[in-house]
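Notes follow once the structure below has been shown.
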Amino acid sequence: MKSETVAVHGGYDTEPTTKAVAVPIYQTVAYEFDSADHGAALFNLEADGYRYTRINNPTVAVLERRVAALEGGLAALCVSSGQAALNYAVLNLAEIGSNIVSVPQLYGTTYTLFAHILPSQGLAVRFAESDRPEAIEKLIDDKTRAIFCESVGNPAGNICDFEALAAVGARHGVPLIVDNTVATPLLVRPIDYGADIVVHSLTKFLGGHGTTLGGAIIDSGRFPWKEHARRFAMFNEPDASYHGLVYTEHFGAAAYIARCRSVYQRTTGAVLAPISAFLLLQGIETVALRVERHVENARRVAEFLRRDRRVAWVNYAGFSDNPYHALARKYFGGRACSLLTFGIAGGLEAGKRFYDALKLFKRLVNMGDAKSLACHPASTTHRQMSALEQEKAGVRPEMIRLSIGIEHIDDILADLDQALAAAQRQCAPLIAAE
Ligand SMILES: Cc1ncc(COP(=O)(O)O)c(C=O)c1O
């Protein structure tokens, strides 16, 4: 099935007892056992079924099957937020004394997780100088457990060369983890290009309406954990926390997600509520249509801003002179995503006046909503970074990040136009001098 169809139907066959066509919300904590033996079989992972919603839930399971199918993966685990997904995705394959190697262009809180939180737990994150495969490869050693990148960096807008990064990983026996939040599987499926694990903040384009937090970890099922048994002992040796289970033996290709669920989700509990899974599924039903409109509106906005002499620069991979244009063509079929950044003439102060004058665009820290949104990363999402760290992450002081919504393009452009005019009114000498 094509992605547009998977988004509507994936992972759900009409529920057999009631014939409910919409996915039912199973708002239950626990599930009754037929007998002591049935309960034991469930706990031994010998029988399929549900035990307790911290481990799995039928509504969440539909979402898991749907996102796995959308990304072309084998299995998925859905959790309470994108950050929880990132945390589990890394912890599940690393241990004290090991490291992961990351591109420098990251969402601000992911950077904080990698630069401060994981190291405080004994797991090092090595930031490469750039997103180039050779910069990543230089940092890999026998303690490396994963390569990490965002398909499209938020807010840097860089596009990672998944095929090349996956080849580096394969050479060293290290999986590639891709955060595909910004691009969505409608623009690219990193697994098709060799990625091993994909992570999502479902909060953004997939949910699509700014109502519900959620995260997903999707396993391609392709990484050969058994071949690299010394590097990944956690999948290949008996797990003392689960009465000696060996994940690769019990779950085969699904070992990674199974361990993530039974070790991290079960014991640390970043659970996605069934009602949230339902709301996210509702959003996903229309994601293909929305992404089409997001992408087309963003193209019109980028062109409008670039033509405007009140704007100093626009970073949009859809422009043929953008350094990432070739990768946008290769991976996204030329459709640049709807997150773009620009700098207004007049620098930081003019940028603030522009931001304050917006009327239709919402001033906030979110993206991927049906509504058009604007953010000033240096003062918000990336505020915890030093100036140098911001620069490496692709954040400039005056930079405004726009997440272009699905409203009528005329209304979007009119709002940008009036905000540019408002910013310019108090900066007349700058424009007059031109
Ligand atoms: C690329 C990216 N990954 C992960 C996250 C974290 O997602 P959540 O807010 O659902 O925890 C975000 C949030 O903005 C993001 O932009």
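In this text, residue positions in the sequence shown follow the numbering used here: the first is 1453, and each later residue adds one. Each residue gets a CB set at the ideal place from its N, CA and C atoms; glycine is no exception.
Please report whether the beta-carbon of residue 1788 lies at a distance below 7 Å from any beta-carbon of chain C.
The structure shown contains no chain C; it is built from a single protein chain.
Can you determine whether any heavy atom of ligand 1 sits closer than 6 Å to the C-beta of residue 1665, and answer yes or no?
yes
When burial is assigned at 16 or more other CB atoms within 10 Å of the CB, is residue 1713 buried or exposed?
buried
Counting only runs that start and end within the region 1733–1774, where is the beta strand (DSSP E) found for 3 or more residues in a row?
1763–1767
6 Å CB neighbourhood of residue 1581 in its chain, flanking five on each side removed
1587
At a cut-off of 6 Å, is residue 1563 close to ligand 1 when judged by its beta-carbon and the heavy atoms of the ligand?
no
Determine the burial state of residue 1746: buried for a count of at least 16 other Cβ atoms within 10 Å of its Cβ, exposed for fewer.
buried
Are residue 1551 and residue 1511 touching if we call contact CB-CB under 7 Å?
no
May I ask you to check if the CB of residue 1606 is nearer than 6 Å to at least one heavy atom of ligand 1?
yes
For residue 1469, which of helix, strand or coil comes out of DSSP?
coil
From residue 1568 to residue 1617, what does the alpha carbon distance come to, in whole angstroms?
24 Å
With residue 1605 and residue 1785 assumed to form a contact (beta carbons below 8 Å), what rounded beta-carbon distance in angstroms separates them?
Not quite, the Cβ-Cβ distance comes to about 20 Å (not below 8 Å), so this is no contact.
Cβ-based burial, residue 1471 [other Cβ within 10 Å; buried from 16]:
exposed
So which of 1826, 1859, 1639 has the shortest CA-CA distance to residue 1805?
1826
In the structure shown, what three-state DSSP assignment does residue 1882 receive?
Reliability fails at residue 1882, whose pLDDT of 48 lies under 50, so the model's placement of it is uncertain and no value is given.
Report buried or exposed for residue 1938, applying the criterion of at least 16 other Cβ atoms within 10 angstroms of its Cβ.
Outside the displayed range of the chain (1453 to 1886) lies residue 1938, so it cannot be described from this structure.
Mind the definition here: the region 1727–1743 touches the region 1654–1663 only if three or more C-beta pairs lie below 8 Å; say whether that holds.
yes
Can you tell me whether DSSP reads residue 1814 as helix, strand or coil?
strand
First and last residue of the uninterrupted beta strand (DSSP E) at residue 1600
1596–1602
Through-space distance from residue 1459 to residue 1765, alpha-carbon basis:
36 Å
Flag this pair as yes or no: are the beta carbons of residue 1849 and residue 1478 separated by less than 7 Å?
no
Is the closest heavy atom of ligand 1 to the C-beta of residue 1602 under 6 Å?
yes
Using the rule of at least 16 other Cβ atoms within 10 Å of the residue's Cβ for burial, across every protein chain shown, is residue 1487 buried or exposed?
exposed
Which parts of the region 1512–1548 are runs of the alpha helix (DSSP H), unbroken and 4 residues or longer, counting only runs that do not cross its ends?
1534–1543
Using CA coordinates, which residue listed in 1842, 1851, 1782 is at the minimum distance from residue 1799?
1851
According to DSSP, residues forming a beta bridge with residue 1504:
1482
Count Cβ pairs between the region 1664–1679 and the region 1700–1708 that sit closer than 8 Å; are there 3 or more?
yes
Short of 6 Å in beta carbon distance, which residues of its chain neighbour residue 1885, apart from the five on each side in sequence? Order them along the chain.
Confidence in residue 1885 is poor, its pLDDT being 40 and thus under 50, which makes the residue's placement too unreliable to answer from.
Beta bridge counterpart(s) of residue 1707 as assigned by DSSP
Residue 1707 pairs with nothing; no bridge assigned.
Quick check on the DSSP output: what are the complete beta strand (DSSP E) runs of length 3 or more inside the region 1647–1707, in order along the chain?
1649–1653, 1667–1671
At least three beta-carbon pairs within less than 8 Å, the region 1713–1723 to the region 1500–1515
yes
Within its chain, find whatever has a CB closer than 7 Å to the CB of residue 1591; leave out the 5 residues flanking it on each side and keep chain order.
1553, 1578, 1580
Rounded to whole angstroms, what is the Cα-Cα separation between residue 1882 and residue 1803?
Per-residue confidence for residue 1882 stands at a pLDDT of 48, beneath the threshold of 50, marking its modelled position as unreliable; no derived number is given.
Residue 1853 bridges to which residues according to DSSP?
1793, 1827
Heavy atom of ligand 1 less than 6 Å from the Cβ of residue 1659, yes or no?
no
Within 6 Å: the Cβ of residue 1535 and any heavy atom of ligand 2?
For the structure depicted, ligand 2 is absent and the ligand set comprises only ligand 1.
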